[in-house]
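Under my numbering, the first residue of the sequence shown carries the number 1217, and numbering increases by one thereafter.
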Amino acid sequence: MDTGTGSPYGAAMVDAPAERTGPSLETQVRFWGEWNLAHHAFSDRSPLQLRQLRWVRRAADRLTASMDEDRPLRILDFGCGTGWLGASLTDLGEVTGIDLAPAAVEHAKQEFPRVRFVAGDVANAPLVGPFDLVISSEVIAHVADQAGYIRRVAELLRPGGVFLLMSQNGFVWRRWSQLKPTSEGMLRNWPRLGDLRSMLAASGFSDLRVRSLQPAGDRGILRVLNGRIIRGGCKRAGLERPWRAVLERMLMGRDLAIEARRR
Ligand SMILES: C[S@@+](CC[C@H](N)C(=O)[O-])C[C@H]1O[C@@H](n2cnc3c(N)ncnc32)[C@H](O)[C@@H]1O
1217 MDTGTGSPYG
1227 AAMVDAPAER
1237 TGPSLETQVR
1247 FWGEWNLAHH
1257 AFSDRSPLQL
1267 RQLRWVRRAA
1277 DRLTASMDED
1287 RPLRILDFGC
1297 GTGWLGASLT
1307 DLGEVTGIDL
1317 APAAVEHAKQ
1327 EFPRVRFVAG
1337 DVANAPLVGP
1347 FDLVISSEVI
1357 AHVADQAGYI
1367 RRVAELLRPG
1377 GVFLLMSQNG
1387 FVWRRWSQLK
1397 PTSEGMLRNW
1407 PRLGDLRSML
1417 AASGFSDLRV
1427 RSLQPAGDRG
1437 ILRVLNGRII
1447 RGGCKRAGLE
1457 RPWRAVLERM
1467 LMGRDLAIEA
1477 RRR
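What follows is the structure, given as structure tokens:
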């Protein structure tokens, strides 16, 4: 079945529990440098990326509208890869991107000169807050200390600041034939929604809005929902957008997407 969601994870993710002892940081740096250049160093955006761009933009516009003062936002793209997502917000303020892989950061600097990019580990890179908005796409599953990553975001945000957290949806990925055995260098542990909620609450986040982005998957229930009869029928009837919206709300999209406010 064609899910229409071409995946950059094809050769890189594995449906197995995360190892307790993962790859060394050096191996991860090499892996992510190659991964980013192979998958995201081009300007054609995938359907998921287009969906992420729309979701992030809507939330960023809501934040701007809710602010008392009229000033540029301070925005951080946490685990920015080649920088494409943060770079879409430069009209709203000053954007900083940080990523573990210097190769991705070098590429990002060339492509998006209006963004300030830093190579480093989200756990301890020297970043000067406070930020109004932190965005992070598909990073938390790849860091060893997920609660520490969320705590760091909380430290970097001002009170009232917003965190837009996107993370691979394990429910969908476990039901998707695009998932293939992994290569060395990727630490991977998809967090469950309940765990994300607990970690966010423990770090002082509230007012959570949860949804998912971009329906995908072709096994079990997803074979039915994304298959010829339901999806195909909706498409033929001109109802693909409502079909997508319902599945995203049912958390059947390939990314979980959480908007959270720092108290
Ligand atoms: C799946 S990619 C997503 C990249 C980018 N956010 C995007 O959506 O295209 C995961 C990214 O997390 C970065 N990453 C993983 N561990 C990190 C860490 N400890 N500190 C900073 N970045 C990290 C990787 O280098 C990689 O670019």
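Glycine is no exception: its CB is placed at the ideal position from the N, C-alpha and C atoms.
First and last residue of the beta strand (DSSP E) that includes residue i?
i	result
F1294	1289-1294
R1478	1469-1478
V1334	1332-1335
Just curious, the alpha helix (DSSP H) that residue i is in, first and last residue?
i	result
M1415	1409-1418
R1465	1456-1465
Between residue i and residue j, how many whole angstroms is the CB-CB distance? I'm expecting something under 8 Å.
i	j	result
V1338	I1366	Between I1366 and V1338 the Cβ distance is about 10 Å, and since that is not below 8 Å, they are no contact.
A1303	N1252	Not a contact, Cβ separation roughly 14 Å.
V1311	V1334	With a Cβ gap of about 12 Å, V1311 and V1334 do not count as contacting.
G1401	T1243	4 Å
A1324	T1298	5 Å
P1407	G1377	The pair is not a contact, with the Cβ atoms about 21 Å apart (cut-off 8 Å).
P1375	R1447	Contact flag wrong, Cβ pair sits at about 43 Å.
L1316	V1245	6 Å
- [ ] Determine contact between the stretch 1372-1389 and the stretch 1461-1474, defined as no fewer than three beta-carbon pairs at a distance below 8 Å.
- [x] yes
TODO: With a floor of 3 residues, list each beta strand (DSSP E) that falls wholly inside the stretch 1420-1448, ordered by position along the chain.
DONE: 1421-1431
Task: Touching by the beta-carbon criterion (3+ pairs, under 8 Å), the stretch 1427-1442 and the stretch 1392-1405 - done: yes
Task: Sufficient close CB pairs (3 or more, under 8 Å) joining the stretch 1407-1415 to the stretch 1445-1463 - done: Too few Cβ pairs lie closer than 8 Å, so no.
Task: 4 or more residues per run - each alpha helix (DSSP H) lying fully within the stretch 1245-1323 - done: 1263-1282, 1300-1303
Open item on the list: For the stretch 1265-1280 against the stretch 1419-1431, do three or more pairs of beta-carbon atoms, one drawn from each stretch, fall closer than 8 Å, so that the two count as touching?
Closed with: yes
Task: Validate contact between the stretch 1346-1365 and the stretch 1291-1298 using beta carbons, cut 8 Å, 3 pairs - done: yes
Open item on the list: Which complete beta strand (DSSP E) runs does the stretch 1337-1417 hold, if anything under 3 residues is left out?
Closed with: You should have 1347-1353, 1373-1384.
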